[in-house]
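Beneath this line is the structure, given in structure tokens, with notes to follow.
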DNA sequence: AGAACGTTGTGAATGAGTTCACAGACTAAG
DNA sequence: CTTAGTCTGTGAACTCATTCACAACGTTCT
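Residue numbers (our numbering), protein chains in the order written: chain A, 10 to 222; chain B, 10 to 222.
Right, here's the structure in full:
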């Protein structure tokens, strides 16, 4: 099976609507329901569901519960997929806060910061450790995902250490492109680039509307 | 002229390398220099520069200063493009901090929050106003861009008010897709979706590497 | 001056992602 | 039971983005 990245992003979005509808007691949805919510075409929705092998019924559409289950099989985090946060500055702490409040299913096992002031403190239920403990924590706590929230000039060093310690995926907030070997995956979330895109588009020099990516 | 969104994102990234090189005294770059930094092909770089009408010279490549100037013409914010932040929670304040420290060229004219505790306070040089002042500030302060950092259930309401007040572009952190009329542009920056993508990729069920979007 | 090299600019080929369009399937109503 | 209506599943068409491949050019070396 090979599911494109784009499709994963949309599945994640579909899931939110499905959960809401399920909680409202709705049992069936049509492709155009999801399409309307996401501002895409019904054909796109059907194609996505085809990609993950989920099949609906003509005249009744898709089963909300069944589809949620199927998407969950793909997206739900496994218990052995821990997260580590590198950089407990303002952005890092905002992430901890957000994840603790909105996404308890993604437990951040530890935070790392080189500020001695922070080390030992517990931030939103997550203990902050010293820089040197990085490798031990990854090995001992089944950490597979790293969130990089350090300044640009140390991001590559951090990434190298994470990769050497066996990390599988990186969510990168630093404004640099991380060089990682094949088999390790990075997703950049560059706020400055996004802001420049919006500013450019708002200026009216182009016409588009885009998600994440 | 019509420059695709993707190209804008890459130009923004190129600019960072060019600035670094300029500060190191470098005067020329080849397409493969930029390509290596960004992990793309030289052909892509040349195509991008062709798109913005910048031309280099065989055997000497591109002029660092000239290219920076050209990209600046496209991306530099204009003085009449103010930014307003809606939602001064942890994420909103992290954004203020980040922008004030890293991007003084994007002045956030005001923050808005409905928490009376926050109203009147100055956060990183930016005053926090009450909910009801939103429309006045946008009109009086030449604000064209809104950063939406409120909870999901109020995001669409906020977006509607911003649009009615004449905003041109939105940077949206809320986990919903905002519905806006043609002529207003939104860029979603959905942390949960990005995290689910990384987790999925890290699980090894696909092979990819993606920026922003 | 001439030859060798490495780079740009770009038409054409390729590839990825999206949308079209319709056959087939199911439901509900007559 | 039959008909009308609506939706899914999907091959094919299309659109957009990326990469290939090479002529033309500037530089450097002899």
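Just so you know, even glycine gets a beta-carbon here, dropped at the ideal spot from N, CA and C.
| message | Between residue 116 of chain B and chain A, is the shortest Cβ-Cβ distance under 7 Å, so that the two count as touching? | response | Cβ-Cβ to chain A under 7 Å: no for residue 116 of chain B.
Fill in: the segment 109-118 of chain A touching the segment 187-205 of chain A, judged by at least three CB pairs closer than 8 Å
Not touching, per the Cβ criterion.
Does the distance from the CB of residue 155 of chain A to the CB of residue 187 of chain A come in under 7 Å? Between residue 155 of chain A and residue 187 of chain A, the gap from beta carbon to beta carbon reaches 7 Å or more.
Short of 6 Å in beta carbon distance, which residues of its chain neighbour residue 133 of chain A, apart from the five on each side in sequence? Order them along the chain.
These residues qualify, in order along the chain: 105, 106, 109.
What in chain B is Cβ-close to residue 106 of chain A, meaning under 7 Å? Below the 7 Å Cβ cutoff, chain B contributes 99 as neighbours of residue 106 of chain A, in chain order.
Next item on the list: Answer yes or no: does any C-beta atom of chain B fall closer than 7 Å to that of residue 153 of chain A?
Entry: So yes, residue 153 of chain A belongs to the interface.
Q | Own chain, CB closer than 6 Å to residue 55 of chain B, minus 5 neighbours either side, in chain order | A | Beyond the five residues adjoining it in sequence on each side, residue 55 of chain B comes within less than 6 Å, by CB distance, of 40 in the same chain, given in chain order.
Item checked: Neighbour list for residue 123 of chain A in chain B, Cβ cutoff strictly below 8 Å -> Per Cβ cutoff of 8 Å: no residues; residue 123 of chain A is ~18 Å from chain B at best.
Problem set entry | Proximity test, Cβ basis, 7 Å: residue 196 of chain B and chain A | So yes, residue 196 of chain B belongs to the interface.
Local conformation of residue 80 of chain A per DSSP, three classes | Residue 80 of chain A falls in the helix class under three-state DSSP.
Taking Cβ-Cβ distances shorter than 8 Å, what residues in chain A pair up with residue 112 of chain B?
-> Per Cβ cutoff of 8 Å: 201, 204.
contact_flag[the segment 46-55 of chain B, the segment 83-96 of chain B] where n(CB pairs < 8 Å) is 3 or more: Touching, no.
| query | Who are residue 155 of chain B's beta bridge partners in DSSP? | reply | In DSSP, residue 155 of chain B forms a bridge with B:93, B:179.
| query | Between the C-alpha atoms of residue 143 of chain B and residue 153 of chain B, what's the straight-line distance to the nearest angstrom? | reply | Cα-Cα distance, rounded: 12 Å.
Q.
Less than 7 Å between the C-beta atoms of residue 80 of chain B and residue 20 of chain B, yes or no?
A. With respect to the 7 Å criterion, residue 80 of chain B and residue 20 of chain B are classified as neighbours on the basis of their beta carbons.
Quiz item: Given that residue 27 of chain B touches chain A, what residues does it touch there, using C-beta distances under 7 Å?
Solution: Per Cβ cutoff of 7 Å: no residues; residue 27 of chain B is ~14 Å from chain A at best.
*Could you say which of A:100, A:163, A:84, A:170 lies nearest to residue 141 of chain A if we only look at CA atoms?*
From the listed residues A:100, A:163, A:84, A:170, the smallest Cα separation to residue 141 of chain A is found for A:170.
Delimiting residues of the alpha helix (DSSP H) encompassing residue 112 of chain B
For residue 112 of chain B, no alpha helix (DSSP H) run applies, since DSSP gives it neither H nor E.
inquiry  = Distance check for residue 13 of chain A and residue 46 of chain B, CA to CA, integer angstroms please.
reply    = Rounded to the nearest angstrom, the two C-alpha atoms are 24 Å apart.
Would you say residue 178 of chain A reaches chain B, if we count a Cβ-Cβ gap shorter than 7 Å as a contact? Closer than 7 Å to some Cβ of chain B, the Cβ of residue 178 of chain A qualifies, so yes.
(request) Measure the C-alpha to C-alpha separation of residue 173 of chain A and residue 147 of chain A and round it to an integer number of angstroms. (result) Those two C-alpha atoms are separated by around 10 Å.
Starting from residue 23 of chain B and walking both ways along the alpha helix (DSSP H), at which residues does that stretch end? Where residue 23 of chain B is concerned, the enclosing alpha helix (DSSP H) stretches over 14-32.
Check your understanding: Can you list the residues of chain A that residue 211 of chain B reaches, using a CB-CB cut of under 9 Å?
Key -> 90, 153, 154, 176, 177, 178, 179, 193, 194, listed in chain order.
Let me check understanding here. Comparing Cα to Cα, which of A:68, A:67, A:75 lies closest to residue 61 of chain A? The option with the nearest alpha carbon to residue 61 of chain A is A:75.
ask   = Out of curiosity, what's the CA-to-CA distance linking residue 27 of chain A and residue 123 of chain B?
value = Near 30 Å, if we compare the C-alpha coordinates of residue 123 of chain B and residue 27 of chain A.
Is it buried or exposed, residue 164 of chain A, if we count other Cβ atoms within 10 angstroms and call 16 or more buried? By the neighbour-count rule (16 or more Cβ atoms within 10 Å), residue 164 of chain A is buried.
Excluding five sequence neighbours on each side, which residues of the same chain lie with their C-beta closer than 8 Å to the C-beta of residue 137 of chain A? Answer for residue 137 of chain A: 97, 119, 120, 121, 122, 127, 128, 129, 130, 131, listed in chain order.
- To the nearest angstrom, how far is it from the Cα of residue 88 of chain A to the Cα of residue 117 of chain B? For residue 88 of chain A and residue 117 of chain B, the gap between their C-alpha atoms comes out near 41 Å.
**Asked** Applying a beta-carbon distance threshold of less than 9 Å, which residues of chain B neighbour residue 186 of chain A?
**Response** Near residue 186 of chain A (Cβ distances below 9 Å), the residues of chain B are 22, 46, 47, 48, 220.
is_contact[residue 84 of chain A, chain B] using C-beta, thresh 7 Å
Interface residue, yes.
message = Excluding the 5 residues flanking residue 218 of chain B on each side, which residues of the same chain have their C-beta closer than 6 Å to its C-beta?
response = Low confidence applies to residue 218 of chain B: its pLDDT is 47, below 50, so where it sits in the model is not reliable, and the reading given next is rough at best. Within the same chain, residue 218 of chain B has no close Cβ partners at all.
Taking the alpha-carbon of residue 267 of chain B as reference, which of B:66, B:36, B:100, B:102 has the nearest alpha-carbon? Any answer about residue 267 of chain B is impossible in this case: the structure gives chain B only from 10 up to 222.
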